[in-house]
Each structure stands twice: as structure tokens, then as C-alpha cells.
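What follows is a single structure, written as C-alpha cells, with notes after it.
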């Protein structure tokens, strides 16, 4: 690289001033070149751009596999599904309130319907993520209070 | 500033783009590296045009830009079609024509 630079400096030298080409100004010189010498490549360029745009549209276009369901079909589907009301919202707990915690049903079980199918439901009793890795919070069964227990030993 | 500096910069940019095309796996990054190489060529064209004292190199750089735009339009459309079919933008996954 350095060698090429040095040799280039010696062989090329400083650039000559652009006097003839930029006699009026740069834009006028460019326009004269584009619309006289390079007018045919310029037109081919236009055709290329049109072709590229059409090709991109053809490649990116996708037909619907099924016709769009009408509102009547959507209503019939909801009636047939068995529950008319909207899905229950996710659970709100004392320590975590996020969309992946399922809601608790009156009998104490969790409702899978309350979590979006894009998420995997997490156990509402699972410990939060912001706890330091060496310690986990657990509810003791007797007092119902949070207690810090070292998780490493609990696994062993 | 001598035109040699511009040519050296264009060589550096071209090498970066070429290494990126050879090394990277994500097709979008490969596209960006191709664009880098094309723009390095543009820089070289303009530098040589300045060196020769005429404007032909600048006109060629203009044409290179147009061709780069058309290339990236069709390339991204192909990439989108491949992503829809294979759920991946990696150039290693599109090996259906390989064997």
C-alpha cells in the first residue's frame, strides 16, 4: 500500500487544474457530456431503472392464499369458537406485571387464554429476573413472606 | 491534496467491502458491502477524472450509481422472496442450487 502510494506520487504527481472541462461550471460540463456523448447510455439507464422497479414489484408481490375473511365470517367464527367475550388480560401480580404471566382463574389455576400465542406463558410464581444470580427470592409456605435463599445450594 | 490519496482511500474501501462480502453471512450485510465496493469504484472514477482533467469519470460514476440502485432494488426483492420461502436471510441457507 505504502509502496503503491509512493510510486503513485512519483508517477502521477499533482492533478492539473480542470480548466477546459469546467469552463462554465461543473454542472454545465456534466450536462453537456450526459446529453451529447453519453445520451444513449443515459436512456438505457432509464430503461434499466424501469425494469428494476417492475422486477422488484413482481418479485415482492404476493397473492393472498385465501380470500380475506369478511366481517360476517369473522363473527360466525367467533360464535363457533365457544367464547364470545374477548380473551382475558394477563395476570397482574405483586412483583411482576408482564404480558407473559397468565391470569389466575378463581380456582387457582392459570388461564392459557390470557397469554398471547406469540409468547410462552411463564409461571406466575416464578421468581423475577432482576434478582442477583446467586440469590433467589422464594415465598416461604408458612409466613407467606419473601425470603432470600441461595439457589446454588438448593439445586444440589 | 493529491488524487493519489483519493485512490488509496478507494482501494481501502474496496478491500473492506470485498472482505465483507467474503466473510459476512447475512445477505443484507453482503449487500451493504457490495454498495461499499461500488462507491469505492465511484471514488476512483472521480479521482481519475480529476487527474485527467475531464468530466467523463464523473459521468461514469453517475451511471454506476444508477446501476447500483437498480441492483439493490432487485437484490432486496430477491432477498425478500428467499426469506419468505426459507425464513432466513443467511447466504449459507440458500443452497438449493448448490448441488
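Residue numbers (the numbering used here), protein chains in the order written: chain A, 1 to 156; chain B, 1001 to 1099.
Yeah, the Cβ is synthetic: ideal placement off N, Cα and C, and Gly gets one too.
Because the structure is a prediction, the values reported are computed rather than measured.
If the cut is a Cβ gap below 8 Å, which residues of chain B does residue i touch?
| i | result |
| --- | --- |
| residue 48(A) | 1066, 1067 and 1070 |
| residue 53(A) | 1073 |
Determine whether the beta carbon atoms of residue i and residue j lie at a separation below 7 Å.
| i | j | result |
| --- | --- | --- |
| residue 1040(B) | residue 1063(B) | no |
| residue 1082(B) | residue 1070(B) | no |
| residue 1050(B) | residue 1090(B) | no |
| residue 1058(B) | residue 1046(B) | yes |
| residue 121(A) | residue 102(A) | yes |
| residue 99(A) | residue 90(A) | yes |
Got a sec: is the Cβ-Cβ distance from residue i to anything in chain A below 7 Å?
| i | result |
| --- | --- |
| residue 1037(B) | no |
| residue 1059(B) | yes |
| residue 1081(B) | yes |
| residue 1073(B) | yes |
| residue 1077(B) | yes |
Mind pulling the chain A residues with CB within less than 7 Å of residue i?
| i | result |
| --- | --- |
| residue 1032(B) | Chain A residues near residue 1032(B): none, gap ~18 Å exceeds 7 Å. |
| residue 1063(B) | 41 and 45 |
Tell me, please, whether the CB atom of residue i is closer than 7 Å to any CB atom in chain D?
| i | result |
| --- | --- |
| residue 1055(B) | Considering every chain present, this structure includes no chain D. Its protein chains are A and B. |
With a threshold of 7 Å between beta-carbons, can residue i be considered close to chain B, or not?
| i | result |
| --- | --- |
| residue 74(A) | no |
| residue 59(A) | yes |
| residue 131(A) | Per-residue confidence for residue 131(A) stands at a pLDDT of 48, beneath the threshold of 50, marking its modelled position as unreliable; no derived number is given. |
| residue 27(A) | no |
| residue 38(A) | yes |
| residue 118(A) | no |
| residue 56(A) | yes |
| residue 95(A) | no |
| residue 105(A) | no |
| residue 113(A) | no |
Who are the neighbours of residue i on chain B, taking C-beta pairs under 7 Å?
| i | result |
| --- | --- |
| residue 84(A) | Going along chain B, no residue has its Cβ under 7 Å from residue 84(A), so there is no contact; the nearest lies around 35 Å. |
| residue 79(A) | Residues of chain B passing the Cβ test: none, with the nearest at roughly 33 Å. |
Contact the segment 1028 to 1036 of chain B vs the segment 1052 to 1064 of chain B: 3+ CB pairs below 8 Å: no
Cβ contact check for the segment 46 to 60 of chain A and the segment 1070 to 1089 of chain B: 3 or more pairs under 8 Å: yes
Length at least 4, wholly inside the segment 15 to 91 of chain A: the alpha helix (DSSP H) runs in chain order: 26 to 32, 39 to 60 and 71 to 81
Meets three-Cβ-pair contact criterion under 8 Å: the segment 107 to 114 of chain A and the segment 70 to 89 of chain A: yes
Entirely enclosed alpha helix (DSSP H) segments - the segment 1053 to 1096 of chain B, minimum 4 residues: 1056 to 1086
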